[in-house]
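Novice: Mind looking over this structure? Questions follow.
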Amino acid sequence: MIYFGCLAKPSIENLKQENILTQNDSTIIVAANRTPEYLPLLEGKSIGIVANQTSVIFKTDQTYTHLVDSLLKLDVKLTKVFSPEHGFRGTADAGEVVKDGIDTKTKLPIVSLYGSNKKPNATQLKNIDLLIFDIQDVGARFYTYISTLHYVMEACAENNIPILILDRPNPNGRYVDGPILELEHKSFVGMHPIPVVHGMTIGEYAQMINGEKWLENGIQCELTIIKAEHYTHDMLYHLPIKPSPNLPNDQSINLYPSLCFFEGTNVNAGRGTQTQFQVYGSPFLKNQEYSYTPKSNLGAKHPKHKDKLCYGVDLTNEKLLNQINLSYLIKAYHSTTNKTEFFNSFFTKLAGTKKLQKQIEGNLSVTEIKQSWKTGLDGYKKMRKKYMLYN
């Protein structure tokens, strides 16, 4: 998919004029590129922004500029940046605590929303009139940017601060699949009763959080969403910027909802390699032709089975998935040399239920497991319809 959009310039009229060139184009225009639509909402206000390395405006020559740089160039009063897991520049390991700091380029203060401070407090939000949220999601329940979205919405509702969401397409938005999370297993990798693959954009998901009153005490925030243009959920969407260190390409993003379950097992899902979430393996799998050795690298300083030879499967040429593929997980379980050590406690948090582990241990087939999801998925899809912004 080709990206189109115009770099923000000081004149709104110029921006409108330039964007005329893209209005009849079939390519997707992310909301950040629709500067004339949201710039008037920022005038005369003190602005905070939740952003990372994906928060960019695409230019017609296939390059891009960061939204923060664009807003500053437009003399928007941007006062603070809030960063999610992996940090503002997107280089921290999964689960690594990111500290507050100062952005070296813009000198703006950065408040980390990962670690002990997942929810902005009143002091951190002081003197902010409006908060922008612009982060590329990948459409999986355990991808923590939607949990950050929840806490940001909750904090803004409590402090009477409106939120402006600049929407982006969901690269896994073509389908809905997986077990529905049971609230007794709520965690930062799953906060709401939704399936693993939720099939919504950030904007649509924010509407669901608000509409279903999932924020603390049922409060709701003042929400404005700028939509992406020319996007529908059946479109394939290529991400030119990796959304986190271990999702380097389209193949990893497509396989992520299926392979992330391995994070709750003794199997490495490619961390510590150059094919993250495109291979899997462990020293305990038998009769596997493929092998690799995880090494410390950017985004995985301490990968599972570091420096140990892992036997497994290479999925780099796997065909496009339009559903969760449970066969990888089931085959690995049946191939491991010690089944009692295959699962760990994190697996239930990822699955959102204890049932999936029990079903695999009980030798249920993929068909039988997926049939058990049907009632929950049917109810979710009915609820989801109320919040859709795109066909």
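Per this note's numbering, residue -19 is the first one in the sequence shown, and the count goes up by one each step.
Where a beta carbon is used, it is the ideal one built from N, C-alpha and C, also for glycine.
Under 8 angstroms, do Val392 and Val293 count as touching if we go by C-beta distance?
Specialist: Only positions -19 to 371 of the chain appear in this structure, which leaves residue 392 out of reach.
Novice: Touch check for the segment 175 to 193 and the segment 347 to 366: three-plus C-beta pairs under 8 angstroms?
Specialist: Output reads yes: the segment 347 to 366 touches the segment 175 to 193.
Novice: Per DSSP, what kind of secondary structure is Thr355 in: helix, strand or coil?
Specialist: Mapped onto the sequence shown, residue 355 falls at position 375. Looking at Thr355 - three-state DSSP - the assignment turns out to be helix.
Novice: Quick one: grab the DSSP three-state call for His46.
Specialist: On the sequence shown, position 66 is the one that residue 46 refers to. Of the three classes helix, strand and coil, the one that applies to His46 here is strand, per DSSP.
Novice: My output table needs one value for Gly191: the three-state DSSP class, helix, strand or coil.
Specialist: Locating residue 191 in the sequence shown gives position 211, where the first residue counts as 1. In the structure shown, Gly191 sits in a helix (DSSP, three-state: H, G or I).
Novice: What's the gap between the Cα of Glu298 and the Cα of Gln231?
Specialist: Residue 298 sits at position 318 when you count from the first residue of the sequence shown. Residue 231 sits at position 251 when you count from the first residue of the sequence shown. Roughly 8 angstroms separates the two Cα atoms.
Novice: Between which residues of its own chain and Ser238 is the CB-CB distance below 8 angstroms, once the five residues before and five after are set aside?
Specialist: Locating residue 238 in the sequence shown gives position 258, counting from the first residue. Around Ser238: Leu301, Ile304, Asn305, Leu306, Tyr308, Leu309.
Novice: What first and last residue would you give for the beta strand (DSSP E) that runs through Val259?
Specialist: Position 279 of the sequence shown, counted from the start, is the residue given in the question as residue 259. Element bounds for Val259: 259 to 262.
Novice: Out of Gly244, Ser315, Tyr370, His130, which one is the CA nearest neighbour of Phe168?
Specialist: Position 188 of the sequence shown, counting from 1, holds the residue named residue 168. Among Gly244, Ser315, Tyr370, His130, the Cα nearest to that of Phe168 belongs to His130.
Novice: Where does Ile340 fall in DSSP's three states?
Specialist: Translated into the one-based positions of the sequence shown, residue 340 becomes position 360. Residue state, collapsed to three classes: helix.
Novice: Count the CB pairs spanning the segment 133 to 151 and the segment 328 to 335 that are closer than 8 angstroms, and state whether there are at least three.
Specialist: At 8 angstroms Cβ cutoff, the stretches do not touch.
Novice: Grab me the residues of Leu1's own chain with a C-beta within less than 7 angstroms of its C-beta, minus the 5 sequence neighbours each way, in chain order.
Specialist: By 1-based counting over the sequence shown, the position of residue 1 is 21. Below a pLDDT of 50, predicted positions are generally treated as unreliable, and Leu1, at 28, falls in that range; the measurement from the model is reported next regardless. Answer for Leu1: no residue qualifies.
Novice: Residue ranges of each alpha helix (DSSP H) run of no fewer than 4 residues wholly in the segment 6 to 56, ordered along the chain?
Specialist: Taking only runs of at least 4 residues, the alpha helix (DSSP H) segments lying wholly in the segment 6 to 56 are 15 to 22, 47 to 53.
Novice: Less than 8 angstroms between the C-beta atoms of Ser271 and Cys290, yes or no?
Specialist: Start at 1 with the first residue of the sequence shown, and residue 271 comes out as number 291. Start at 1 with the first residue of the sequence shown, and residue 290 comes out as number 310. Yes; because the gap between Cβ atoms is below 8 angstroms, this pair is in contact.
Novice: Can you confirm whether the segment 43 to 56 touches the segment 172 to 189 when touching is taken to mean that 3 or more C-beta pairs between the two stretches lie within less than 8 angstroms?
Specialist: Verdict: no, contact absent.
Novice: Give the range of the beta strand (DSSP E) segment to which Cys290 is assigned.
Specialist: For the purposes of this step, residue 290 is taken as the residue at position 310 of the sequence shown. Looking at the DSSP string, the run of the beta strand (DSSP E) that includes Cys290 is 290 to 294.
Novice: Leaving out five residues on either side along the sequence, give the residues of the same chain with a beta carbon under 6 angstroms from the beta carbon of Glu76.
Specialist: For the purposes of this step, residue 76 is taken as residue 96 along the sequence shown, with counting starting at 1. With a pLDDT of 47 at Glu76, under the threshold of 50, the predicted position of this residue should be treated as unreliable, though the coordinate-derived value follows. None.
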